[in-house]
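In my numbering, the protein residues as written are 23 to 359.
Quick look at the structure:
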């Protein structure tokens, strides 16, 4: 049994990961600030589901939730003083590409200040492994596909992407200076039950069921490497004990125990097929409002996951039709948003 800190545990990925870790017999401390970026009621429902899961599986003694903002330096320092964590899995962040255009300070506070506080906590107790969420957004307008972790990612086109690239650089620095093993995970368009209402699959499903039009950008020609939540969780679980070896580092710095992985379905799907999957799952036809591409968006994402396969023998593979069906089935049972 490991004691694992999961930041952002009331978030979409954090909730599913916490449930999986508890199910595997680990002790989990989860933290989240329950901010209002999207409906707090959904975050509270996730926490209630975790409590119910613990009650049904006798793991309440292994789970603790603390409402905490990672940008709070004093609270974060106290957290790492009061607890010793075998692993830290950092998923808390201000998400959203478009939101970053109008609310830049939220990204600085959470994604930069907050990440420094996590790094300092890991340094304080010499954490054995820090795993943190990066994003496929760091690839910006790269035209070479599939996106490889060997590609240069020096030209972000949103502040959100810039903060995620900054996280990778900050993690490398702490790995070099303090010997903290760090692994960054570039997630590709995560979807599934209990997901974020600001994501297209969520808002599309809601609108289609209500007979309202959906905004379709770039005439449906956008391509995304949609990755089902269970595949994301499986990737994280497999990597948490895969400590990066300095000799296998992708950086020229042989002293830094750091690593970056893509976690994506390595199968880009056109937006039109994505919409058809929702139509099939709901039994309704979408009313489409075609619009041009929005600022900060990219035309396509496509993950090269060869490193993931080589190191932990895993490749995400859930079909979009299967994943969307599971989401729609869940959506039909919940009215928390």
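Positions of the beta carbon are idealized from the N, C-alpha and C atoms, including for glycine.
- The alpha-carbon of residue 38 is positioned some 7 Å away from that of residue 255.
- Positions of the beta strand (DSSP E) runs, each at least 3 residues long and wholly inside the region 80-111, are given as 85-89 in order along the chain.
- With respect to the 8 Å criterion, residue 125 and residue 237 are not classified as neighbours on the basis of their beta carbons.
- Looking at the DSSP output, residue 284 bridges to 208.
- If you ignore the 5 residues before and after residue 329, its C-beta comes within less than 7 Å of the C-beta of 171 and 283, all in its own chain and listed in chain order.
- In the three-state DSSP reduction, residue 169 falls in the strand class (E or B).
- Using a Cβ distance threshold of 8 Å, residue 98 and residue 143 count as a contacting pair.
- Per DSSP, reduced to three states, the secondary structure at residue 130 is helical.
- Here residue 158 is near residue 208, since their CB atoms are less than 8 Å apart.
- Per DSSP, the beta-bridge partners of residue 235 are 309.
- The C-beta distance from residue 111 to residue 28 rounds to 5 Å, short enough to meet the 8 Å contact threshold.
- Below 8 Å, too few C-beta pairs join the region 222-237 and the region 178-185 to call them touching: fewer than three.
- Inclusion of residue 203 and residue 117 in the CB contact set at 8 Å is not warranted, their separation being larger than that value.
- Restricting attention to 36, 109 and 148, the CA atom closest to the CA of residue 197 is found in 148.
- By the C-beta density criterion, residue 241 is exposed, having fewer than 16 other C-beta atoms within 10 angstroms.
- A contact between stretches requires three or more CB pairs, one per stretch, nearer than 8 Å, and the region 219-233 fails this requirement with the region 160-171.
- For residue 62, there is no enclosing beta strand (DSSP E); the enclosing alpha helix (DSSP H) has its first and last residue at 62-78.
- The three-state secondary structure of residue 31, taken from DSSP, is coil.
- Taking a C-beta distance under 8 Å as the contact criterion, residue 305 and residue 338 do not qualify as a contact pair.
- Rounded to the nearest whole angstrom, the C-alpha separation of residue 127 and residue 164 is 26 Å.
- In the pairwise beta carbon analysis, the region 288-307 is classified as not touching the region 255-269: fewer than three pairs are separated by under 8 Å.
- A distance below 6 Å between beta-carbons, with the five flanking residues on each side excluded, links residue 145 to the following residues of its chain, in chain order: 200.
- DSSP, read as helix, strand or coil, puts residue 194 in helix.
- By the neighbour-count criterion, in which a residue is buried when 16 or more other Cβ atoms sit within 10 angstroms of its Cβ, residue 190 is buried.
- Residue 247 is a Cβ neighbour of residue 325, given a cutoff of 8 Å.
- If the five residues before and after residue 80 are omitted, its C-beta is found closer than 7 Å to no C-beta atom of its own chain.
- Per DSSP, residue 261 lies in no beta strand (DSSP E) segment; the continuous alpha helix (DSSP H) that holds it begins and ends at 251-261.
- If you check the CB distance, residue 210 and residue 323 come in under 8 Å.
- At the C-beta level, residue 277 and residue 266 stay beyond 8 Å of one another.
- Residue 123 sits away from residue 205, with the two beta carbons spaced by 8 Å or more.
- Around residue 290, the same chain offers 245, 246, 247, 322, 323 and 324 as residues with beta carbons nearer than 7 Å, after the five sequence neighbours per side are excluded.
- The alpha-carbon of residue 50 is positioned some 12 Å away from that of residue 30.
- Residue 325 is bridged by DSSP to 169.
- The beta carbons of residue 56 and residue 85 sit about 17 Å from each other, so the pair does not count as a contact at 8 Å.
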